[in-house]
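If you use my numbering, the sequence shown corresponds to residues 1 to 187, in order.
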Amino acid sequence: MKAAVFIDKDGTLIYDVPYNVDPDLIVLQDNCIEGLKMLCDSGYKLIVVSNQSGVACGYFSEEDLFAVEEKLRSLLKPFGIDLAGFYFCPHYARGIIHEYAVDCYCRKPMPGMLLHAAEVHHIDLANSWMIGDILNDVEAGNRAGCKTILIDNGNETERLPGKFRVPSMTCHTINEAADCILNHQYA
Ligand SMILES: [Mg+2]
Ligand SMILES: [Zn+2]
């Protein structure tokens, strides 16, 4: 079984433009390419896991997100970085599109996307990591049994407490997170 690094999209992998699906507005964060490349070359599967409540709210469709995935792949491919997977949760209990307006197990902080990806890709969750910019990402990772890194870039403003909401480590960029994962033994 392989290990994965699950990565939140908005505010972690790319700059957050709320409810954006326009590929032209998708820009990778600074200080992420080298880290992603090192993780990929070290055998970690890189898997994006993203809450996309804009589907349930009627702002865009699931099909629009396929273009987002393609854009991400095209930004990473020139560096030899392969995304093993791209998963999104289209649900939101207070959404207006009936079939998506449900309580689900995939919307972070719940771990459904990670658990599903782990089955599909035969991933060893205990040796895998979740990287995100808010504590809901950390909670999803911890609930899935992964180690977790909070990218502390100012996007987490509430810091609600909870037993699953404590990251294994805190870093400032994906490059720094990759260095921590690869070079600092974490027990
Ligand atoms: Mg985020
Ligand atoms: Zn969901």
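Here a beta-carbon is modelled for each residue, glycine too, at the ideal position from N, C-alpha and C.
Check	Outcome
Please determine, among Tyr87, Arg94, His98, Gly95, the residue with the shortest C-alpha to C-alpha distance to Cys232.	Outside the modelled stretch of the chain, which goes from 1 to 187, sits residue 232, for which no answer is possible.
According to DSSP, Tyr87 sits in a beta bridge with which residue or residues?	Val49
Please work out which residues of its chain come closer than 8 Å, Cβ to Cβ, to Glu156, disregarding the five sequence neighbours upstream and downstream, and give them in chain order.	Asp133, Ile134, Leu135, Leu150
Does DSSP classify Asp101 as helix, strand or coil?	Note that residue 101 is Ala in the sequence shown, not Asp. Of the three classes helix, strand and coil, the one that applies to Ala101 here is coil, per DSSP.
Using the beta-carbon count (16 or more within 10 Å), is Phe6 buried or exposed?	buried
With distances taken between CB atoms, is the gap from Ile181 to Leu39 smaller than 8 Å?	yes
Would Gln29 pass as a contact of Ile14 if the rule is Cβ separation under 8 Å?	yes
Smallest Cα separation from Ser42: which of Lys77, Ser53, Ile81, Val102?	Ile81
Under a Cβ-count criterion, where at least 16 other Cβ atoms within 10 Å of its own Cβ denotes burial, should Ala187 be classed as buried or exposed?	Since pLDDT at Ala187 reaches only 47, below the 50 mark, its modelled position is unreliable, and the value read off the structure follows with that caveat. Answer is exposed; the Cβ neighbour count stays below 16.
Report the rounded CA-to-CA distance for Gly58 versus Ile97, giving the unit in angstroms.	6 Å
With a threshold of 7 Å, establish whether the CB of Arg73 neighbours any heavy atom of ligand 3.	Ligands in the displayed structure: ligand 1 and ligand 2; ligand 3 is not one of them.
Can we count Gly154 as close to ligand 1, meaning its CB is less than 7 Å from some heavy atom?	no
For Asp16, I'd like the list of residues in its chain whose CB is within less than 6 Å of its CB, leaving aside the five on either flank, ordered along the chain.	Asp10
Got a sec, what are the start and stop residues for the beta strand (DSSP E) Ala4 sits in?	4-7
What's the gap between the Cα of Glu63 and the Cα of Ser168?	35 Å
By the three-class DSSP mapping on this structure, what secondary structure does Ile81 have?	coil
Within a Cβ cutoff of 6 Å, which residues of the same chain sit near Gly35, ignoring the five residues on either side of it in sequence?	Ile174, Asn175, Ala178
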